[in-house]
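One structure below.
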Amino acid sequence: MKIFPAIDIYEGKAVRLFKGDYAQMTVYNDDPLAVARDFEAAGATCLHLVDLEGAKSGDTPNLDTVKHIVQNTDLFTEIGGGIRSMATVNAYLSAGVDRVILGTAAVCDPAFLREAVAAWGERIAVGVDIRDGKVAIKGWTETAEKDAMDFCRELETLGVRTVICTDISRDGAMQGTNHALYRTMSETLALDIVASGGVSSLSDVEELAKTGLYGAIIGKAYYTGAIDLRRAIEVAL
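All you need for my numbering is the position in the sequence shown, starting with 1, plus 162.
Take a look at the structure:
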């Protein structure tokens, strides 16, 4: 299982939110590149980025920061946050990002999703954020009337390969991850599933790896010291 340590970017800084709440933001480092290099030094080969400003605006306000990370590390890099147009998709992928993650737009604009997948194939992933079994959108401020598992099956049909699945109730709460959810997804769907939200201990990582998941994102647990990244990578192998 691949480990994707995460950097959430806001105003060029590495931050974390609690359950997606912008009012509950902690700044961890003024230099996201330094964080990415720390990940690399710990043995990471992958990186998960989120542009929190982009998630609100639909623009790429932190593109220069992202480019700086891509150009100065050897990490496989994926990014999400407000990617709602082909122009934004092309900007990130042309800048050297390996994979972009469509969220709200994948739910609300199926034509755009189809166009992106047709143009870029496996370099397009979809973020499926789940609240009470439904898909949450618009920075988790709204919940669509769409069952999360049904939506994932639609993504399979469209040719999407990778899904980043977040259980919002667990995100940033340090209460453990939703193993039952990820086990069901792994057993049911022919997708590369990346677990996100609540991965807060080495036992979480070990349990997720046993389910055969493609990957897991580690965020707050790294920053608080609850998970040693080097050990997590070893456990995930």
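Positions of the beta carbon are idealized from the N, C-alpha and C atoms, including for glycine.
How would you label residue i, buried or exposed, when you count the other beta carbons within 10 angstroms and need 16 or more for buried?
i, result
"V251", "buried"
"G334", "Residue placement at G334 cannot be trusted, given a pLDDT of 49 that sits under 50; what the coordinates show is reported in the next sentence. Counting Cβ neighbours within 10 Å, G334 comes out buried, since at least 16 surround it."
"T328", "buried"
"M163", "buried"
"T386", "exposed"
"A280", "exposed"
"E284", "exposed"
"V189", "exposed"
"T350", "exposed"
When you compare each of the options to residue i by their alpha carbons, which one comes out closest?
i, options, result
"D213", "A168, Q233 and Q186", "A168"
"L391", "T373, D366, A281 and L375", "D366"
"S247", "A257, R261, V361 and A278", "A278"
"G242", "G360, T222 and G295", "T222"
"V325", "A371, L209, G377 and R345", "G377"
"K382", "S362, E396 and L370", "S362"
"I286", "R315, M311, E240 and E316", "E240"
"L225", "G258, D200, R315 and A352", "G258"
"A357", "T339, D312 and K229", "T339"
Tell me the rounded alpha-carbon separation between residue i and residue j.
i, j, result
"I171", "L211", "7 Å"
"T373", "A398", "11 Å"
"K308", "A394", "34 Å"
"A249", "I231", "20 Å"
"L255", "A342", "34 Å"
"K218", "T266", "11 Å"
"V197", "E215", "19 Å"
"C208", "G321", "23 Å"
"L275", "I355", "18 Å"
"D260", "V288", "14 Å"
Using C-beta distances below 7 Å, list every residue in its chain close to residue i, excluding the 5 sequence neighbours before and after it, in chain order.
i, result
"N234", "L195"
"Y384", "P167 and L391"
"T227", "I171, G174 and P194"
In the DSSP output, which residue or residues are listed as bridge partners for residue i?
i, result
"C327", "V290 and A357"
"V177", "D170 and V189"
"T239", "L209"
"L264", "V288"
"K164", "G377"
"D312", "Beta-bridge pairing links D312 to no other residue."
"D226", "DSSP output for D226 lists no bridge partner at all."
"D200", "Answer is none; D200 lacks a bridge partner."
"D183", "F180"
Residues in the same chain with beta-carbon distance under 8 Å from residue i, minus the five sequence neighbours each way, listed in chain order, please.
i, result
"I330", "K181, G182, D291, I292, R293, A298, W302 and G359"
"D271", "R246"
"L237", "A198, F201, E202, A206, T207, C208, L209 and I231"
Residues in its own chain within less than 6 Å of residue i by CB, not counting five upstream and five downstream?
i, result
"K175", "V189 and D192"
"M347", "I355"
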